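Protein chains in written order, with my numbering: chain D, 1 to 452; chain Y, 1001 to 1097.
Just so it is clear, CB atoms sit at the ideal spot from N, CA and C, and this is done for glycine as well.
Here the structure is a predicted model, which is why all the values come from computation and not from measurement.
Written out below as structure tokens is the structure these notes cover.
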Amino acid sequence: MTVTAQILYMASATAFVLGVRLMGSPATARRGNRLLAIGMIVALGTTVMVIPSFSHVIAVLGVVALGTIAGVWSALRVRMTAMPQMVALFNGLGGGAAALVAAGGWPATSGSAGWLALLTMILGSLSFGGSAVALIKLQEWMRGVFWGMALRVVGILAILAAVALAVFLGAVGTAHLSAAILLMVMSALSGALLTLPIGGADMPVVISLLNALTGLSAAATGFVLGNQLLIIAGTLVGASGTILTQQMSRAMHRSLGTVIWGNKIHAQGGEASEGSVQPITADDVAMLLRYAKKVVVVPGYGLAVARAQLEVKQVTDLLQEFGVEVLFGIHPVAGRMPGHMNVLLAEANVSYDQLWEMERINPRFPKTDVVLVIGANDVTNPAARTQAGSPLYGMPILNVDQASTVVVLKRSMGKGFAGVDNPLYFDVKTRMLFGDAKHSLSALVRELEGIA
Amino acid sequence: MSLTAEFYIFILAVLAGFQVISKVPSILHTPLMSATNAIHGVILVGALILAFSVHGAFAFTIALVAVLFATANLVGGFVVTDRILGMFRSERGEDAR
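This is the structure in structure tokens:
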């Protein structure tokens, strides 16, 4: 490789690191993303520059055009509620591409690079199969799965067989594309089978894990082709996916093993909550909010399911006109992927200064007059703090019970994902506004407009 | 470049990655994830090297599929991230740039 090309590759690696750095603040994040894109253009230009000979130029450029159209079209069309599916799709495409590049490059390798090519085929295909199933599950094309344990066992057997095949192929030392295809099919199958039994609520962890896996397979391809830029960029993605996986597991109070092995949470722990709940009507909630000084809204995924983001925005706008301070308290797992709720609220034009993360909002609850909990359950359950026997015990929660009054918008008295009672609902300072979130919030908007 | 040197690069990239990414606040985790998603589209570099140099119809088909996957991943990832970040607005009137 020429010196110029080396320098350009280095510039593009620098752009990647600085671009991610700029993503550290909402004010500079968009610039960061554009810097990343520029780094990518430089990388691709440099690659084309150093390629010694071109064959099939027209066909390759045609496919690039096709991929560009497909990418832009889906990116402009996707709904923000469907972002987890989009990320799963791109993870699968990236992982699949990494596996195929490793397979195609395998015959030209020797020694350790050959072993790395086999490893990349396994990692990339695992990510491809897992992402395909994650996409299907998130899109709700498929609901509950039976024989969960059997699927997991077959999935583990498939990956063990794939590793055995890879060891055999590596030891024999001659590359065959048909053997590579077999290896990739087995690994993809294993990824699919292992993802199938994982429940919808665990998806933020799964998506992050697949993201890390795809990044690592891109980095491994860099070792195969002797391309340092692939190593650096792939590793950045791997680091990001690993950090997000850790944070999501911690926020859900589930170990990675429990997510993958699916040990059901048993509800027998924890005390049953006693007492009666106190229902409230929309006009009373309106009065309560109107004369409050500080209000915190706690949205959960139920809000997005009811598509009530715009109604929430209307309620908060009206309250702000009355001079009420309104903030949003966002739990890390509110949504189907890391940070999802922030995007859904940003889409409804809620400004990002109002979106406060858990660590920042928690100290404010004792000074808060009214908390409005919309479609969130387990993440507000005080049993996580107080009941050592509860399955939720130790999970980081939003301490809404420390506010003066809590209003919970809820469809019915059903239990949360963890299947445990929420003592918050029986608290003397809690009022329950039953009904569909969208309807309740529309009623609230009407009442607030009536007061004005 | 030797495998050892490449391994150095890998380790340093791990350290740099953990440094910059742990500074991203949770409010931006979705755009972070979709941007890093676009970054692994860098595999297009490998796919292009392969597609321009490979011999044989079967191997070429594999390379073309890789190019298609990687391009859609890369372009789509950056466009959707830009779209998401365009939605983030501040009360003080500063849009995300």
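- Looking at the backbone, the Cα of I231 (chain D) and that of L225 (chain D) are separated by about 10 angstroms.
- Going by DSSP, M10 (chain D) is part of the alpha helix (DSSP H) stretching over 3-22.
- The CB of H340 (chain D) comes closer than 7 angstroms to the CB of T1030 in chain Y, given here in chain order.
- By the C-beta density criterion, N227 (chain D) is buried, having at least 16 other C-beta atoms within 10 angstroms.
- Listed by position along chain D, the residues whose Cβ is nearer than 7 angstroms to that of A1072 (chain Y) are G67, A70, G71, L93.
- DSSP, reduced to helix, strand and coil, places I330 (chain D) within a strand of the structure shown.
- The DSSP-derived three-state label of W106 (chain D) is helix.
- Between L1028 (chain Y) and G339 (chain D), the C-beta gap is smaller than 8 angstroms, which places the two residues in contact.
- Where M432 (chain D) is concerned, there is no enclosing alpha helix (DSSP H), although the beta strand (DSSP E) around it starts and stops at 430-434.
- The beta-carbon distance between A383 (chain D) and P332 (chain D), rounded to whole angstroms, is 19 angstroms. This is too long to meet the 8 angstroms contact definition.
- Using a 10 angstroms sphere on the CB of Y301 (chain D), the tally of other CB atoms reaches 16 or more, which defines it as buried.
- With a contact defined as Cβ atoms closer than 8 angstroms, G155 (chain D) and L193 (chain D) qualify at about 3 angstroms.
- Note that the C-beta distance between A43 (chain D) and S125 (chain D) is not below 8 angstroms.
- Proximity of chain Y to N349 (chain D) at the Cβ level (cut-off 7 angstroms) is accounted for by R1089, in chain order.
- A straight-line Cα-Cα distance of about 34 angstroms links L1003 (chain Y) and T195 (chain D).
- Under the DSSP assignment, K294 (chain D) falls in the beta strand (DSSP E) whose first and last residues are 294-299.
- Collapsing the DSSP output to three states places V163 (chain D) in a helix.
- By the 16-neighbour rule on beta-carbons within 10 angstroms, P84 (chain D) is buried.
- In the assembly as shown, H1040 (chain Y) is a buried residue. Its beta-carbon has 16 or more other beta-carbons within 10 Å.
- For V373 (chain D), the pairing in a beta bridge is given by DSSP as D:V298, D:V408.
- Within the region 17-34 of chain D, the residues whose Cβ lies closer than 8 angstroms to some Cβ of chain Y are V17, G19, V20, R21, M23, G24, S25, P26, A27, T28, A29, R30, R31, G32, N33, R34, listed in chain order.
- What T1004 (chain Y) touches in chain D, judged by beta-carbon distance under 7 angstroms, is nothing: the nearest beta carbon there is about 11 angstroms away.
- From the beta-carbon of A1035 (chain Y), the residues of chain D found nearer than 8 angstroms are G19, V20, M23, G32, N33, L36.
- Only F1052, S1053, V1054, H1055, G1056, F1058, A1059, F1060, I1062, A1063, L1064, V1065, A1066, V1067, L1068, F1069 from the region 1052-1069 of chain Y bring a Cβ to less than 9 angstroms from some Cβ of chain D.
- The residue from D:K429, D:S240, D:M341 with its alpha-carbon nearest to that of P279 (chain D) is D:K429.
- Secondary structure at W356 (chain D): strand, using DSSP grouped into helix, strand and coil.
- Between A282 (chain D) and L444 (chain D), the C-beta spacing is below 8 angstroms.
- A1066 (chain Y) places its beta carbon less than 8 angstroms from that of L100 (chain D).
- The beta carbon of V205 (chain D) sits closer than 8 angstroms to those of T245, M248, S249, M252, R254, L256, V259, all from its chain and outside the five residues before and after it, given in chain order.
- Rounded to whole angstroms, the gap between the alpha carbons of V315 (chain D) and L138 (chain D) is 30 angstroms.
- Here P1031 (chain Y) is buried, its C-beta having at least 16 other C-beta atoms within 10 Å.
- Separation of the CB atoms of L135 (chain D) and G92 (chain D) is rounded to 7 angstroms, and the pair is thereby assigned contact status at 8 angstroms.
- Here DSSP, grouped into helix, strand and coil, assigns E1091 (chain Y) to coil.
- Under the three-state reduction of DSSP output, P279 (chain D) falls in the strand class.
- Judged by DSSP secondary structure, A1016 (chain Y) falls within the alpha helix (DSSP H) whose first and last residues are 1003-1021.
- Only exposed fits M149 (chain D), as fewer than 16 other CB atoms lie within 10 angstroms of its CB.
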